[in-house]
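Reading through the structure tokens given below for one structure.
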Amino acid sequence: MKKHLDSIIYSFPFQLVLNHFKKNQLLLLCWVLLFSVINGGFAKSLGIPFLFLSPEYLNEVSFQSYFIVGLTLGGLIVAFNIASYILDGYKFHFIGTITKPFSKFSLNNAIIPLAFLINYIIQIINYQMVYEFMSFWHASVLASALPVGVFVSIFILQLYFWFTNKDFREVLAERVEKRIKKLKIGRIAAVKYHQDLKSKQAEVDGYFDLKFRWIRVSKKSNHKVFSVIKGIFDQNHLNTVIAELFIFIIILILGAFRDYPAFQIPAAASAVLFLSIILMAIGAITFWFRSWAITGAILIFFLINYLTTIDFLSKTHYAHGLNYKTKAVNYTQTTIDEHASPKAIADDRTTTLKILENWKSQFKEKPKMILLTASGGGQRAAYWTMNALQKADSITNGRLFKHTVSISGASGGLIGAAYFRELKYLQKKDRSLNVYSPTYLSNIGKEALNPIIFSLLTNDIFIRYQSFDYGGYSYPKDRGYAFEQKLNKNLEGVLNKKLIDYKKAELNADIPMLFLAPTSVNDGRKLYITPNSSTYMSSKSILDDSLNALMENRSIDFLRMFKNQDAENLSFLTALRMSASFPYITPNVNLPSEPSLEIMDAGLADNFGVSDAVLFLYNFKDWIAKNTSGVIILTIRDSKKAAIIEKKQNLSLLEKLSTPISNIYNNWSNVQDTRNDLLIEYAAEWFQGNLSHSMLTYDAGVAFSEDRLDKMKHIEERASLNWRLTGREKYNIRNAIHSIENQKTLSWLNQSLSSDD
1 MKKHLDSIIY SFPFQLVLNH FKKNQLLLLC WVLLFSVING GFAKSLGIPF
51 LFLSPEYLNE VSFQSYFIVG LTLGGLIVAF NIASYILDGY KFHFIGTITK
101 PFSKFSLNNA IIPLAFLINY IIQIINYQMV YEFMSFWHAS VLASALPVGV
151 FVSIFILQLY FWFTNKDFRE VLAERVEKRI KKLKIGRIAA VKYHQDLKSK
201 QAEVDGYFDL KFRWIRVSKK SNHKVFSVIK GIFDQNHLNT VIAELFIFII
251 ILILGAFRDY PAFQIPAAAS AVLFLSIILM AIGAITFWFR SWAITGAILI
301 FFLINYLTTI DFLSKTHYAH GLNYKTKAVN YTQTTIDEHA SPKAIADDRT
351 TTLKILENWK SQFKEKPKMI LLTASGGGQR AAYWTMNALQ KADSITNGRL
401 FKHTVSISGA SGGLIGAAYF RELKYLQKKD RSLNVYSPTY LSNIGKEALN
451 PIIFSLLTND IFIRYQSFDY GGYSYPKDRG YAFEQKLNKN LEGVLNKKLI
501 DYKKAELNAD IPMLFLAPTS VNDGRKLYIT PNSSTYMSSK SILDDSLNAL
551 MENRSIDFLR MFKNQDAENL SFLTALRMSA SFPYITPNVN LPSEPSLEIM
601 DAGLADNFGV SDAVLFLYNF KDWIAKNTSG VIILTIRDSK KAAIIEKKQN
651 LSLLEKLSTP ISNIYNNWSN VQDTRNDLLI EYAAEWFQGN LSHSMLTYDA
701 GVAFSEDRLD KMKHIEERAS LNWRLTGREK YNIRNAIHSI ENQKTLSWLN
751 QSLSSDD
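Under UniProt numbering, the sequence shown has 102 at position 102, and the numbering climbs by one with no breaks.
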């Protein structure tokens, strides 16, 4: 028994795994992260695991998409083997005496990658059966593409060495021997490497060869390794350089063709490529710095951190359509006050009153006014908002949007609302257009994450060497541009307009006013982006009452502030993106001001748009009370309002450290809800007409009527927060409209608006 146990313990594969846990914790972190992702332990609420378990390529989950992920995973495995070989090869002296040492080392180093691959395949099959409702056979066929891609990638990368008659180390060592000799640091590292070879040796009894035969290690052959010390050292050095350059060249090539859909690889593949770069960097740093590796890594980090502050390397993200060549706006309190002068406010109020009069003229009697608000929440919110608007407008025979005067909100919700608004506008020109067609809901549900992650890897992290022209100006291509192009393609180009293109349509009340209100990172103010100026949304219009404290210094009017920078020329897609700038995904936009105004997601200030609706109501409360039969604030939100209070178990030390911060983040929407409830309560006091607040809510755990229960599947999980939804998530979102509460709201809306006919 002891003999068999010793043969396992002192086998080469086991010793390599043991060495990884003992010495190569940084390399293992990459695998720990990947294991965590595919098993749902990392960023599940953001949908990161789904990017790996159900990758999309050319807008569909297919054999090709898994194959591409497999190709990059194979590259990661080779990178892992190279890094391991560089760091640990010298500890096993017999490697220097065998043919094709790297290939055999890689085979015996396959336990961790193989375990991950098996785990990955199992999770893919399970995911496709549970989330996408596939059969076991269909899911297995899809999953088989992953190992095929892995093996093809590894085979291609090893092919060069297999077709040479020389050992792996000899092929590389001969080409750089003279150059390495000239480097002082190379000679120093070689001497240190020689000392390590003499002093460190791991005991190994046997290993697997390339035919999977068990070969016992000869104890007499170890002295031969010293004759190739420098060759191994040279090989290791060049091997790292070649691997890094090879991956970097692939990234540059892919980036050069980024605008072609065929080159936009799945987001998971981009992430694996990035991990390969990190893994190789870890191996290189550890090899060169040895015991000083952590210190060296910290120094390199601070060096890179400093370099990014230099203007040449600093990356600005632009608002497409604006003029960045002209003199920047002097962003001071004085300038803000000048653009929100009493005259400016009065002029903008007059313009909006004309809009309200034009809207009222469409009705014979005093109509109900709807102030529509749509919550943020990535594609989940966009899909739910579109679904809810289609159903609500259809049930009310088109009256919902006819009665809607303004739309406010954040992020994905406003993208969904803007898309439906545009379709309704197109329907006025073409009566045959069916705005309730499932095709349009399908369009808003198409993934938009692949080009963002792909652009982040191929462009934003390294160098931005491509540009494009828009509105007479040139801008560098970044992941913001990639998102806009993908969204434009998904929505069939209907939102590819400039801000000014909506000026006349809103003025004539052909479409509701849309208030895009991203947040300034600099000072927390809202930036109101509208085709007709709306300075009345600032605190200047609010007198001494209960709203003053809540609305003080709350906004900047985009059109007036950036008039000289060609504000009306702003791309509407860019405006939507500015309102949906989710951290790390779509970059914060820098506006042409001094200091530069950095713009972030509108959800930071109010993710539900209720405060904007109440403020609009306040500004025109007298006209609205006199000319309407009541106001309905209709909120379409992608999360339940009153969350269940969960009982907390005993917290670990790490949880106790992180809980204060996580509580603030997790309860931010609750804080906004409380604030918005107060605003509506105040509004009920000062508004002289009828005021109602109703909601259409996406809630994965809602109750359904009995006649719907037999048709429902898997409604228990809430959709993830990103720009890519799974088939199951879309199914859940579509069917959430049939909840008891949502059906009550739709019925009430229909009755309320029918009374106006």
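We put the CB at the ideal spot given by N, CA and C, even for glycine. Quantities reported herein were computed from a predicted structural model and do not represent experimental measurements.
Problem - Limits of the unbroken alpha helix (DSSP H) element including Thr635 - result: Looking at the DSSP string, Thr635 is not in any alpha helix (DSSP H); the run it does join, the beta strand (DSSP E), is Gly630 to Arg637.
Practice task
Measuring alpha carbon to alpha carbon, tell me which of Phe558, Lys354 and Thr439 ends up nearest Leu507.
Solution key: Lys354
Exercise for the section: With DSSP as the reference, please indicate the residues paired to Ile370 in a beta bridge. Expected result: Thr404 and Ile632
Handout entry: Val671 classed as buried or exposed, judged by whether at least 16 other C-beta atoms fall within 10 angstroms
Key = exposed
Handout entry: Assigned exposure category for Trp723 - 16 Cβ within 10 Å defines buried
Key = buried
Exercise for the section: In angstroms with no decimal places, state the Cα-to-Cα distance between Gly40 and Pro49. Expected result: 6 Å
Exercise for the section: Put Phe454 into one of helix, strand or coil per three-state DSSP. Expected result: helix
Problem - Bridge partners - Val589, DSSP secondary structure assignment - result: Ile599
Practice task
Please go through the same chain and pick out, in chain order, the residues whose beta-carbon is closer than 8 Å to the beta-carbon of Leu495, but skip the five residues on each side of it.
Solution key: Ala418, Tyr419, Glu422, Leu487, Asn488, Phe572, Leu573 and Leu576
Practice task
Using three-state DSSP, classify Gly524 as helix, strand or coil.
Solution key: coil
Problem - Where the beta strand (DSSP E) through Pro113 begins and ends - result: Pro113 -> not in any beta strand (DSSP E); alpha helix (DSSP H) instead, spanning Ile111 to Tyr131.
Problem - CB contact flag (Asp510, Tyr425, <8 Å) - result: yes
Handout entry: Sequence-distant residues of its chain with Cβ nearer than 7 Å to Thr326 (five each side left out)
Key = Asn564 and Gln565
Problem - Nearest neighbour of Ile112, chosen from Phe80, Ile633, Met600 and Asn434 [CA to CA] - result: Phe80
Practice task
Please report the Cβ distance between Thr385 and Ala374, rounded to the nearest whole angstrom; I am assuming they are in contact, meaning their Cβ atoms lie under 8 Å.
Solution key: 5 Å
Problem - Cβ-Cβ separation, Gln688 to Ala736 (assumed contact under 8 Å), whole Å - result: Rounded, the Cβ-Cβ distance is 36 Å, inconsistent with contact.
Problem - Whole-angstrom distance between Ala382 and Gly149, CA atom to CA atom - result: 34 Å
Handout entry: Cβ-Cβ separation, Ser579 to residue 761 (assumed contact under 8 Å), whole Å
Key = Past the edges of the chain, shown from 1 to 757, lies residue 761, and the structure says nothing about it.
Practice task
Using the Cα positions of Lys184 and Ile156, report the straight-line distance between them to the nearest angstrom.
Solution key: Because Lys184 carries a pLDDT of 43, less than 50, the predicted location of this residue cannot be relied on, and the following value inherits that uncertainty. Going from the Cα of Lys184 to the Cα of Ile156 covers about 35 Å.
Handout entry: Closest Cα partner of Phe616 within the set Glu447, Ile556 and Ser534
Key = Ser534
Handout entry: Cβ neighbour criterion (16 or more within 10 Å) applied to Asn330
Key = exposed
Problem - For Pro101 and Asn590, the rounded distance between their alpha carbons - result: 52 Å
Exercise for the section: Could you name the residues that DSSP lists as bridge partners for Phe515? Expected result: Ser408
Problem - First and last residue of the uninterrupted beta strand (DSSP E) at Pro476 - result: Tyr473 to Pro476
Exercise for the section: Report all residues from its chain with a CB closer than 8 Å to the CB of Ile68; omit the five preceding and five following residues, and keep chain order. Expected result: Pro55, Tyr57, Gly149, Ile265, Pro266 and Ala269
Problem - Cut-off 6 Å between Cβ atoms - residues of its own chain near Leu559, not counting five sequence neighbours on either side - result: Ser533 and Ala567
Exercise for the section: Along the beta strand (DSSP E) that carries Ser692, what are the first and last residues, could you check? Expected result: Leu691 to Thr697
Exercise for the section: Go ahead and label Ala262 buried or exposed: buried means 16 or more other beta carbons lie within 10 angstroms of its beta carbon, across all protein chains shown. Expected result: exposed
Practice task
Would you check if the distance between the CB atom of Gly377 and the CB atom of Asp601 is smaller than 8 Å?
Solution key: no
Problem - Val329 (DSSP reduced to helix, strand or coil) - result: strand
Practice task
Quickly, what does DSSP pair Lys498 with across the bridge? List them, please.
Solution key: Ser571
Exercise for the section: Please report how far the alpha carbon of Lys446 lies from the alpha carbon of Leu491, in whole angstroms. Expected result: 9 Å
Exercise for the section: Give me whichever residues DSSP pairs with Tyr470 in a beta bridge. Expected result: Tyr473
Problem - Segment limits, beta strand (DSSP E) that includes Ile556 - result: Ser555 to Asp557
Practice task
Determine the direct distance from the alpha carbon of Ala83 to that of Ser455, and round the result to whole angstroms.
Solution key: 26 Å
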